[in-house]
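Asker: Right, I'll just put the structure down here and ask away after.
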Amino acid sequence: MENLQSAVDTLVHGSNTLFILIGAVMVLAMHAGFAFLEVGTVRQKNQVNALSKILSDFAVSTLAYFFIGYWISYGVSFLQPAAVLSSDHGYGLVKFFFLLTFAAAIPAIISGGIAERARFVPQLCATVLIVAFVYPFFEGLVWNGNFGVQAWLQVHLGAGFHDFAGSVVVHAMGGWLALAAVLLLGPRHGRYRDGKLVAFAPSSIPFLALGSWILIVGWFGFNVMSAQTLQGLSGLVAVNSLMAMVGGTVAALIVGRNDPGFLHNGPLAGLVAVCAGSDLMHPVGALVTGAIAGALFVWCFIAAQGKWKIDDVLGVWPLHGLCGVWGGIACGIFGQSALGGLGGVSLASQLLGTALGVLVALLGGFAVYGLVKAVCGLRLTQEQEYYGADLSLHKIGAVNQE
Numbered sequence: 001m002e003n004l005q006s007a008v009d010t011l012v013h014g015s016n017t018l019f020i021l022i023g024a025v026m027v028l029a030m031h032a033g034f035a036f037l038e039v040g041t042v043r044q045k046n047q048v049n050a051l052s053k054i055l056s057d058f059a060v061s062t063l064a065y066f067f068i069g070y071w072i073s074y075g076v077s078f079l080q081p082a083a084v085l086s087s088d089h090g091y092g093l094v095k096f097f098f099l100l101t102f103a104a105a106i107p108a109i110i111s112g113g114i115a116e117r118a119r120f121v122p123q124l125c126a127t128v129l130i131v132a133f134v135y136p137f138f139e140g141l142v143w144n145g146n147f148g149v150q151a152w153l154q155v156h157l158g159a160g161f162h163d164f165a166g167s168v169v170v171h172a173m174g175g176w177l178a179l180a181a182v183l184l185l186g187p188r189h190g191r192y193r194d195g196k197l198v199a200f201a202p203s204s205i206p207f208l209a210l211g212s213w214i215l216i217v218g219w220f221g222f223n224v225m226s227a228q229t230l231q232g233l234s235g236l237v238a239v240n241s242l243m244a245m246v247g248g249t250v251a252a253l254i255v256g257r258n259d260p261g262f263l264h265n266g267p268l269a270g271l272v273a274v275c276a277g278s279d280l281m282h283p284v285g286a287l288v289t290g291a292i293a294g295a296l297f298v299w300c301f302i303a304a305q306g307k308w309k310i311d312d313v314l315g316v317w318p319l320h321g322l323c324g325v326w327g328g329i330a331c332g333i334f335g336q337s338a339l340g341g342l343g344g345v346s347l348a349s350q351l352l353g354t355a356l357g358v359l360v361a362l363l364g365g366f367a368v369y370g371l372v373k374a375v376c377g378l379r380l381t382q383e384q385e386y387y388g389a390d391l392s393l394h395k396i397g398a399v400n401q402e
């Protein structure tokens, strides 16, 4: 019996390790989606910079999260013998890999907002500070119960703040951090003339669409594998993700009047919004959540660029920031058993948790980017911006015309 139990334990630990490893690789692949979504949206003179930023941000995010961020979130240090780290088939190490891909999504999100005028090395410095300190603070608060906030919500409001796959912890955090950076940077030169918006057309709709599709596919690893064990696997999460993606697509297609940029960001808006409650909602609730998110993105992108003069290049604040906020709230609405959900959520807790996430992101964003701006400057010179970040910073263009 002992041998049988040992064999069962080995199978369980090995299967869980493989399960979460597959999820980590799928979310790692999403970073290619972030890269190509940005490459297709920016002007051609900034394409090399977009690709370079995403890969470099991932590398420094890994170092910051490995040595500092993961310890702040979960109290786990990797400065131990390999024999200790590899126990249970190294599940603890692969869990870090999986959660790292979430943490590294934060600078990838921010990158799209500050594109075409941000300096390269200062942005990497900001990435280190965010992934080492700002993001782990809120991640640990929500997903590890740090500081007793979740326990307080449970006692006083009947349920803790529920964010299954990071509508608020990852996406709203990234979007509101990006807003702080965008406001401190200011708009691109020539974006507004005589108070009117000047259109800067995307350089490549095919690349933009490729980035969207890579993100869509990887998102099923992002959401489904957030269960982190095979025992927690649920097909409900997969179908809810699908329905929210479709709802966001259709809404953006209609509200955006066939614009391909809106169309390919619509599914991403829906997926952002469904992350929090994808394990609780009925598929129809997920469809409605995604559809509202798709329309919300289009409306707020247009308003931010035109009325409010916020030059957020990829619209990451509307897409991740506002749709992430909607996702946190939608979980408290459509997760209720009265609306077909599994229940166990409190709308009041969702509102408070979401508001806290926005507050942490804004304070952290202005602190980090304000510090970097004061110490070494955030922005390219007007001449560098005119010639483009590719030639100014990387000394090569995206396309060789010869």
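Number 402 marks the last residue of the sequence shown (full-length UniProt numbering); no jumps.
Glycine residues also receive a C-beta, built at the ideal position from the N, C-alpha and C atoms.
#1: Ignoring anything shorter than 4 residues, give me the alpha helix (DSSP H) runs that lie fully in the region 327–379, in order along the chain.
#2: What number of angstroms, rounded off, separates the C-alpha of Phe58 from the C-alpha of Leu4?
#3: Excluding the five sequence neighbours on either side, which residues of its own chain have a C-beta within less than 6 Å of the C-beta of Ala269, listed in chain order?
#4: How close, in whole Å, do the beta carbons of Arg119 and Gly377 come, if the pair is a contact with beta carbons under 8 Å?
#5: On a CA-only basis, which of Leu391, Leu63, Gln350 is nearest Leu157? Give me that one, please.
#6: Have a look at Ile216, Thr101, Lys373 and flag the residue whose alpha-carbon is nearest the alpha-carbon of Ala24.
#7: Check whether the region 187–204 and the region 302–319 are in contact - that is, three or more C-beta pairs closer than 8 Å.
#8: For my contact list, Ala276 and Cys331 are in at a C-beta cut-off of 8 Å; report their separation, rounded to the angstrom.
#9: Quick check on Lys309: does DSSP put it in helix, strand or coil?
#10: Please work out which residues of its chain come closer than 6 Å, Cβ to Cβ, to Asn131, disregarding the five sequence neighbours upstream and downstream, and give them in chain order.
#11: Assess, as a yes-or-no matter, whether the region 42–52 is touched by the region 388–399 under the definition of 3 or more beta carbon pairs within less than 8 Å.
#12: To the nearest angstrom, how far is it from the Cα of residue 403 to the Cα of Tyr192?
#13: Would you grab the beta carbon distance between Asn39 and Phe207 for me? Rounded to a whole angstrom, and I think it's under 8 Å.
#14: Let me check understanding here. Comparing Cα to Cα, which of Leu356, Val239, Gly327, Trp317 lies closest to Ile114?
#15: By a C-beta neighbour count over all protein chains shown, 10 Å radius and 16 as the cutoff for buried, is Leu179 buried or exposed?
#16: Can you say whether Val128 is buried or exposed, counting buried as having 16 or more other CB atoms within 10 angstroms of its CB?
#17: What first and last residue would you give for the alpha helix (DSSP H) that runs through Phe207?
#18: Per DSSP, Tyr192 forms a beta bridge with which residues?
#19: Near Val237, which residues of its chain fall below 6 Å by C-beta distance, leaving aside the five closest residues on each side in sequence?
#20: Determine the closest residue to Asn146 out of Pro260, Gly290, Ser73, Gly232, with distance taken between C-alpha atoms.
#21: Opposite Ala118 in the DSSP bridges: which residues?
#22: Ser86: buried (16+ other C-beta within 10 angstroms of its C-beta) or exposed?
#23: Helix, strand or coil for Leu179 per DSSP?
#24: Ignore the nearest five residues each way along the sequence and tell me which others in Gly340's own chain have a CB closer than 7 Å to its CB.
#25: Please list, in chain order, all residues of the same chain as Gly148 whose beta carbon is under 7 Å from its beta carbon, the five residues on each side excluded.
#26: To the nearest angstrom, how far is the alpha carbon of Gln336 from that of Gly256?
#27: Indicate whether Gly211 and Phe96 have their beta-carbon atoms separated by less than 9 Å.
#28: If we ignore side chains and look at the alpha-carbon of each, how far apart do Ile110 and Glu2 end up?
#29: Determine, using beta carbons only, whether Phe161 and Leu352 come nearer to each other than 9 Å.
#30: Shortest alpha-carbon distance to Val272 belongs to which of Glu116, Val368, Phe164?
#31: I'd like to know whether the C-beta atoms of Ala251 and Ala304 end up nearer to each other than 9 Å.
#32: Is the Cβ-Cβ distance between Leu177 and Gly364 less than 9 Å?
#33: For Gly344, count neighbouring Cβ atoms within 10 angstroms of its own Cβ and tell me buried if that reaches 16, exposed if not.
#34: Among the residues of its own chain, which have a CB less than 6 Å from the CB of Met26, if the five just before and after it don't count?
#35: Within 10 angstroms of the Cβ of Ala181, are there 16 or more other Cβ atoms? Answer buried if so, exposed if not.
#36: Take Leu215 as the anchor and find which of Leu184, Pro122, Gly175, His264 has the nearest alpha-carbon.
Answerer: Taking the structure as given:
#1: If we require 4 residues or more, the alpha helix (DSSP H) runs fully inside the region 327–379 come out as 347–375.
#2: As a working mapping, residue 58 is identified with position 58 in the sequence shown. As a working mapping, residue 4 is identified with position 4 in the sequence shown. Looking at the two C-alpha atoms, the distance is approximately 42 Å.
#3: The residue given as residue 269 occupies position 269 in the sequence shown. Answer for Ala269: Gly248, Ala293, Gly294, Phe297, Leu319, Cys323, listed in chain order.
#4: Here residue 119 is taken as the residue at index 119 of the sequence shown, counted from 1. Here residue 377 is taken as the residue at index 377 of the sequence shown, counted from 1. Contact between Arg119 and Gly377 holds: CB atoms are separated by about 7 Å, below the 8 Å threshold.
#5: In the sequence shown, counting from the first residue as 1, residue 157 sits at position 157. The shortest C-alpha separation from Leu157 is found at Gln350.
#6: By one-based count along the sequence shown, residue 24 stands at place 24. It is Thr101.
#7: Enough Cβ pairs lie closer than 8 Å, so yes.
#8: In the sequence shown, residue 276 corresponds to position 276, counting from 1. In the sequence shown, residue 331 corresponds to position 331, counting from 1. Correct: roughly 4 Å between the Cβ atoms.
#9: Start at 1 with the first residue of the sequence shown, and residue 309 comes out as number 309. Lys309 falls in the coil class under three-state DSSP.
#10: Reading the sequence shown from its first residue, position 131 is the one you call residue 131. Residue identity differs from the one stated: residue 131 is Val in this sequence, not Asn. Correct list, in chain order: Ser61, Ala64, Tyr65, Gly69, Ala103.
#11: Touching, per the Cβ criterion.
#12: Because the chain is modelled from 1 through 402, residue 403 falls outside the range shown and cannot be assessed.
#13: What you label residue 39 is simply residue 39 of the sequence shown in a count that begins at 1. What you label residue 207 is simply residue 207 of the sequence shown in a count that begins at 1. It is Val, not Asn, that sits at residue 39 in the sequence shown. Rounded, the Cβ-Cβ distance is 5 Å, consistent with contact.
#14: Working through the sequence shown from its first residue, we reach residue 114 at position 114. Ile114 has its Cα closest to that of Trp317, out of Leu356, Val239, Gly327, Trp317.
#15: The count along the sequence shown starts at 1 and reaches residue 179 at position 179. A buried status is given to Leu179, since no fewer than 16 other beta-carbon atoms sit within 10 Å of its beta-carbon.
#16: Position 128 of the sequence shown, counted from the first residue, corresponds to residue 128. It counts as buried.
#17: Here the question's residue 207 lines up with position 207 in the sequence shown. Taken as a continuous stretch (DSSP letters only), the alpha helix (DSSP H) holding Phe207 covers 205–224.
#18: Here residue 192 refers to the residue found at position 192 when the sequence shown is read from its first residue. Note: Tyr192 sits in a beta bridge opposite Leu197.
#19: Here residue 237 refers to the residue found at position 237 of the sequence shown. Answer for Val237: Asn223, Val224, Ser278, Asp279, listed in chain order.
#20: As a first step, residue 146 must be located in the sequence shown, where it is residue number 146. Checking every option, the nearest Cα to that of Asn146 belongs to Ser73.
#21: The sequence position of residue 118 within the sequence shown is 118, counting from 1. DSSP, once it has assigned bridges, lists Arg379 as partnering Ala118.
#22: Here residue 86 refers to the residue found at position 86 when the sequence shown is read from its first residue. When all chains shown are included, Ser86 counts as exposed.
#23: Here residue 179 refers to the residue found at position 179 when the sequence shown is read from its first residue. It is helical.
#24: One-based indexing of the sequence shown puts residue 340 at position 340. His282, Val284, Gly285, listed in sequence order.
#25: In the sequence shown, residue 148 corresponds to position 148, counting from 1. Around Gly148: no qualifying Cβ.
#26: The count along the sequence shown starts at 1 and reaches residue 336 at position 336. The count along the sequence shown starts at 1 and reaches residue 256 at position 256. A straight-line Cα-Cα distance of about 31 Å links Gln336 and Gly256.
#27: Translated into positions along the sequence shown, residue 211 becomes position 211. Translated into positions along the sequence shown, residue 96 becomes position 96. With respect to Phe96, Gly211 sits apart: the two C-beta atoms are not nearer than 9 Å.
#28: Mapped onto the sequence shown, residue 110 falls at position 110. Mapped onto the sequence shown, residue 2 falls at position 2. Each residue's Cα considered, the two are about 52 Å apart.
#29: Working through the sequence shown from its first residue, we reach residue 161 at position 161. Working through the sequence shown from its first residue, we reach residue 352 at position 352. Yes, they are a contact pair.
#30: Numbered from its first residue, the sequence shown carries residue 272 at position 272. Of the listed residues, the one whose Cα sits closest to Val272 is Phe164.
#31: Position 251 of the sequence shown, counting from 1, holds the residue named residue 251. Position 304 of the sequence shown, counting from 1, holds the residue named residue 304. No; because the gap between Cβ atoms is not below 9 Å, this pair is not in contact.
#32: Position 177 of the sequence shown, counting from 1, holds the residue named residue 177. Position 364 of the sequence shown, counting from 1, holds the residue named residue 364. In this structure, Gly364 lies closer than 9 Å to Leu177 by Cβ.
#33: Counting from 1 along the sequence shown, the entry for residue 344 is found at position 344. That one is exposed.
#34: Within the sequence shown, the letter at position 26 stands for residue 26. Shown here for Met26: same chain residues with a beta carbon closer than 6 Å to its own, the five before and five after excluded, namely Gly218, Gly221 in chain order.
#35: One-based indexing of the sequence shown puts residue 181 at position 181. It counts as buried.
#36: Position 215 of the sequence shown, counting from 1, holds the residue named residue 215. When each option's Cα is compared against that of Leu215, the closest is His264.
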